[in-house]
Amino acid sequence: MGLKIRLARGGAKKRPFYSIVIADSRSPRDGRFIEKIGTYNPMVPKEHADRLRINEERAKHWLGVGALPTDRVALFFGNAGLIAKVEWREKPNQSKPKAKAQERAKAHAAAAAAAAAEG
(Lines of atoms letter the chains of each structure in order from A and count residues from 1; the text may use other names and numbers.)
(Lines give C-alpha, C1' and ligand atoms only; values in the text may rest on other atoms or scores of the structure.)
Protein backbone atom coordinates (compact mmCIF):
# COMPACT_ATOMS: atom_id res chain seq x y z
CA MET A 1 0.00 0.00 0.00
CA GLY A 2 1.57 3.31 -1.13
CA LEU A 3 0.83 6.16 1.23
CA LYS A 4 0.55 9.73 -0.02
CA ILE A 5 0.39 13.00 1.86
CA ARG A 6 -1.88 15.10 -0.33
CA LEU A 7 -4.55 17.76 -0.47
CA ALA A 8 -8.25 16.86 -0.32
CA ARG A 9 -10.51 19.64 -1.61
CA GLY A 10 -13.42 20.95 0.36
CA GLY A 11 -15.29 24.24 0.51
CA ALA A 12 -17.89 25.72 -1.77
CA LYS A 13 -17.80 26.49 -5.46
CA LYS A 14 -15.09 29.09 -6.16
CA ARG A 15 -14.18 29.09 -2.43
CA PRO A 16 -11.62 26.26 -2.10
CA PHE A 17 -10.45 24.89 1.22
CA TYR A 18 -8.05 21.97 1.42
CA SER A 19 -7.29 19.38 4.07
CA ILE A 20 -3.80 17.86 4.18
CA VAL A 21 -4.44 14.14 4.54
CA ILE A 22 -2.66 10.80 4.60
CA ALA A 23 -4.31 8.50 2.07
CA ASP A 24 -3.72 5.32 0.13
CA SER A 25 -2.48 6.31 -3.32
CA ARG A 26 -5.31 4.32 -4.94
CA SER A 27 -8.14 6.16 -3.17
CA PRO A 28 -9.83 9.17 -4.85
CA ARG A 29 -8.67 12.74 -4.17
CA ASP A 30 -11.61 13.64 -1.93
CA GLY A 31 -12.35 10.08 -0.87
CA ARG A 32 -11.25 7.87 1.98
CA PHE A 33 -8.20 8.91 3.96
CA ILE A 34 -6.33 7.59 6.99
CA GLU A 35 -5.64 10.76 8.95
CA LYS A 36 -6.03 14.53 8.59
CA ILE A 37 -2.82 16.33 9.58
CA GLY A 38 -3.52 19.91 8.53
CA THR A 39 -5.40 22.46 6.47
CA TYR A 40 -4.66 24.92 3.68
CA ASN A 41 -6.88 27.91 2.90
CA PRO A 42 -5.74 29.71 -0.28
CA MET A 43 -8.40 32.42 0.15
CA VAL A 44 -6.60 34.22 2.99
CA PRO A 45 -3.44 36.37 2.52
CA LYS A 46 -0.05 34.62 2.47
CA GLU A 47 1.08 36.21 5.74
CA HIS A 48 -2.03 35.08 7.64
CA ALA A 49 -1.51 32.35 10.26
CA ASP A 50 -4.65 30.44 9.21
CA ARG A 51 -3.52 29.98 5.60
CA LEU A 52 -1.52 26.83 6.38
CA ARG A 53 -1.83 24.71 9.52
CA ILE A 54 0.21 21.52 9.87
CA ASN A 55 0.47 19.12 12.80
CA GLU A 56 4.26 18.81 12.53
CA GLU A 57 4.55 15.87 14.91
CA ARG A 58 2.16 13.73 12.86
CA ALA A 59 3.71 14.89 9.58
CA LYS A 60 7.16 13.78 10.78
CA HIS A 61 5.70 10.45 11.87
CA TRP A 62 4.13 9.75 8.48
CA LEU A 63 7.24 10.88 6.59
CA GLY A 64 9.25 8.49 8.77
CA VAL A 65 6.86 5.65 7.98
CA GLY A 66 7.40 6.24 4.25
CA ALA A 67 4.49 8.36 3.09
CA LEU A 68 5.38 10.45 0.05
CA PRO A 69 4.14 14.05 -0.20
CA THR A 70 2.76 15.39 -3.47
CA ASP A 71 4.58 18.29 -5.13
CA ARG A 72 2.44 21.00 -3.51
CA VAL A 73 2.57 19.41 -0.05
CA ALA A 74 6.35 18.94 -0.39
CA LEU A 75 6.60 22.68 -1.09
CA PHE A 76 4.59 23.40 2.09
CA PHE A 77 6.75 21.01 4.14
CA GLY A 78 9.94 22.53 2.73
CA ASN A 79 8.82 26.02 3.74
CA ALA A 80 7.91 24.71 7.20
CA GLY A 81 11.32 23.03 7.58
CA LEU A 82 9.99 19.46 7.80
CA ILE A 83 11.91 18.25 4.73
CA ALA A 84 14.67 19.62 2.54
CA LYS A 85 13.34 22.62 0.64
CA VAL A 86 12.17 21.65 -2.84
CA GLU A 87 12.33 24.20 -5.62
CA TRP A 88 9.41 24.09 -8.02
CA ARG A 89 11.66 23.52 -11.06
CA GLU A 90 13.62 20.66 -9.47
CA LYS A 91 10.93 18.03 -9.82
CA PRO A 92 12.61 14.77 -10.85
CA ASN A 93 9.78 13.65 -13.13
CA GLN A 94 9.65 16.94 -15.04
CA SER A 95 10.62 16.53 -18.70
CA LYS A 96 13.46 18.46 -20.27
CA PRO A 97 12.81 21.17 -22.91
CA LYS A 98 12.75 19.99 -26.52
CA ALA A 99 15.69 20.57 -28.89
CA LYS A 100 14.29 23.74 -30.51
CA ALA A 101 13.61 25.32 -27.13
CA GLN A 102 17.16 24.51 -26.00
CA GLU A 103 18.58 26.06 -29.21
CA ARG A 104 16.50 29.22 -28.69
CA ALA A 105 17.69 29.50 -25.09
CA LYS A 106 21.34 29.16 -26.19
CA ALA A 107 20.88 31.80 -28.92
CA HIS A 108 19.18 34.14 -26.43
CA ALA A 109 22.01 33.67 -23.91
CA ALA A 110 24.64 34.31 -26.60
CA ALA A 111 22.85 37.48 -27.74
CA ALA A 112 22.62 38.71 -24.14
CA ALA A 113 26.33 38.02 -23.60
CA ALA A 114 27.22 39.90 -26.80
CA ALA A 115 25.06 42.87 -25.76
CA ALA A 116 26.72 42.92 -22.34
CA ALA A 117 30.19 42.83 -23.90
CA GLU A 118 29.35 45.81 -26.16
CA GLY A 119 27.76 47.94 -23.46
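According to the working numbering, the sequence shown is numbered sequentially starting from 1149.
Idealized CB from N, CA, C, for every residue including glycine.
Item	Value
Cutoff 7 Å; reference residue 1189; Cβ partners in own chain excluding five residues on either side	1165, 1198, 1199
CB-CB length for residue 1220 against residue 1155, believed under 8 Å	6 Å
Span of the beta strand (DSSP E) around residue 1180	Premise fails: residue 1180 is in no beta strand (DSSP E) and is neither H nor E.
Cut-off 8 Å between Cβ atoms - residues of its own chain near residue 1210, not counting five sequence neighbours on either side	1151, 1153, 1170, 1183, 1185
Proximity of residue 1222 and residue 1213 at Cβ, strictly below 8 Å	no
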